[in-house]
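Note sheet for the following structure.
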Amino acid sequence: MAKDSNHLTSQSKIQPPVPHSPISPQPSGPRRLQTYPEPRDPFPLPQPNQSQKQPDYIPHKYLKRSLSLDSNFVRFLRKHFSDLQIAEAANNYLLGATIKKEVIFWQVDIHGKVRTGKIMQYNPQTGRRIKTGYGGINWVHHKLKKSNPSFSDFNLSQCYFGEHLLRLYPDKPVAIVEAEKTAVIASMIYHDYNWLAAGNLNGLNVEKSRVLRGKTIILYPDAGCYDRWLRKAEQINRELPLHLTVSAFLEHFSTPQQSHLGYDLADYII
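Here the sequence shown is numbered in the working numbering, starting from 344 and rising by one per residue.
Take a look at the structure:
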C-alpha cells in the first residue's frame, strides 16, 4: 500500500486506528504476540527487596494546587475539541498547569499515589513541544528538591502516565502510546480504552507493566519505533500474563519523512 500523506489524512476521518479486537489482529494490522495461559491461582506479588530504598511519593496537596486548564497545551486542544471533551479528559488525567502556562502531566499510580509530575511547554497554535533546556522537560520532584529540604533524598520510581485509570475503569482494555499528549488526545476520540503513556521510547518496561497483569493491551509505537517496541513487548510478554498486541498501524501509513520525525497517533488523529 502506498505511503502518502493524502491517504493518511482521509483515513483519519473514516477509520479509527484502534482495532475492534486487539487480541485478534488482521494480517495487515497489529502483530499478535505469543501469549501464555493465566495460572489457576494468581501470581504472587513480588516482595520488595529490603536492601532497596522504597519509592517516595509527592503529597496530594501539590497535585490539587496545580489542577488547571490554564496551560498552552489545553489552549491547543481547544482548537480541535469541545470544552466538554477537554474538561472530561483534564479530570481523568488530572492535568495541571504552572504560572508559565506549562502543562503538568502527573504520574499517579494504581493505588492513587503521586510519583511525580512531568512539566512541559507547548506551542498553543501547533501543539508541538517547545524544546528548551533539557529537551523542554522539567519534573515536579526536581523542583521540590530545590525548594524543600525534605525532598532532598527523594527516590523516584516512575509509573505509566494514566495508570490510576486502571482502578477507575478496570474493565476497559488498555492502549499504550509513547507521549502523554497522545494519550490525552486519543482518550477523547476512542473512549473504550484506558489510554496510558510510557513517557518516552524507553519508558515501556517489565517493572511498570506489572500492574497490567491479566489485561488486554495494545501498544501504539511511534512511526519508526515499531521494531524496538516489539522486542520490548516480547520481553514483557515472557515475564507477565498479558494479552499483548503491538500495532503496526503507523508503520504502514507513515511516510519515511514522518517516520524520521517520530509521527505518532496524535498526528494521525488531528
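All C-beta atoms, glycine included, are put in the ideal place defined by N, C-alpha and C.
Residue i versus the options, residue with shortest Cα-Cα distance
i, options, result
"aspartate 565", "Lys461, Ala609 and Thr588", "Ala609"
"histidine 403", "Ala518, Leu412 and Leu437", "Leu437"
"isoleucine 453", "Val517, Phe419, Tyr611 and Gly505", "Gly505"
"leucine 585", "Asn435, Asp413, Pro599 and Lys558", "Lys558"
"leucine 544", "Asp570, Lys444 and Arg556", "Asp570"
"leucine 410", "Ala433, Tyr611, Trp538 and Pro599", "Ala433"
"proline 513", "Asp535, Ala522, Pro492 and Ser493", "Asp535"
Classification of residue i by the beta-carbon crowding that lies within 10 angstroms, buried from 16 upward
i, result
"asparagine 415", "buried"
"glutamine 601", "buried"
"alanine 430", "exposed"
"isoleucine 624", "This structure cannot settle anything about residue 624, because the visible part of the chain is limited to 344 through 613."
"serine 490", "exposed"
"isoleucine 442", "exposed"
"glycine 470", "buried"
"asparagine 580", "buried"
"serine 320", "Given that the chain is displayed from residue 344 to residue 613, the structure contains no residue 320 and the question cannot be resolved."
"glutamate 577", "exposed"
Residues of its chain near residue i, where Cβ-Cβ distance is below 6 Å and the 5 sequence neighbours each way are ignored
i, result
"glycine 460", "Ile447, Trp449 and Val483"
"valine 520", "Ala526, Ala540, Tyr563 and Leu608"
Spatial neighbours of residue i in its chain, beta-carbon cut-off 8 Å, leaving aside the 5 residues before and after
i, result
"isoleucine 480", "Lys461, Ile462 and Met463"
"serine 495", "Lys488"
"glycine 605", "Asp565, Ala566, Gly567 and Cys568"
"glutamine 501", "Gln450, Arg458, Thr459, Gly542, Gly546 and Lys551"
"threonine 475", "Gln464"
Contact check, residue i vs residue j, beta carbons under 9 Å
i, j, result
"leucine 509", "valine 554", "yes"
"histidine 548", "lysine 524", "Correcting the residue type first, residue 548 is asparagine in the shown sequence and not histidine. No. Outside cutoff."
Proximal residues to residue i (C-beta, below 7 Å), its chain only, five neighbours per side dropped
i, result
"lysine 396", "Asn498"
"tryptophan 572", "Leu547, Leu562, Pro564 and Val589"
"proline 467", "Asn415, Arg418 and Phe419"
"isoleucine 612", "Ser355, Ile528, Ala529 and Ile532"
For this session: Would you be able to state if there are at least three C-beta pairs under 8 Å between the stretch 522 to 536 and the stretch 415 to 433?
Result: At 8 Å Cβ cutoff, the stretches touch.
For this session: Say whether the stretch 550 to 564 touches the stretch 589 to 598, bearing in mind that this needs 3 or more beta-carbon pairs closer than 8 Å, one atom from each stretch.
Result: Verdict: yes, contact present.
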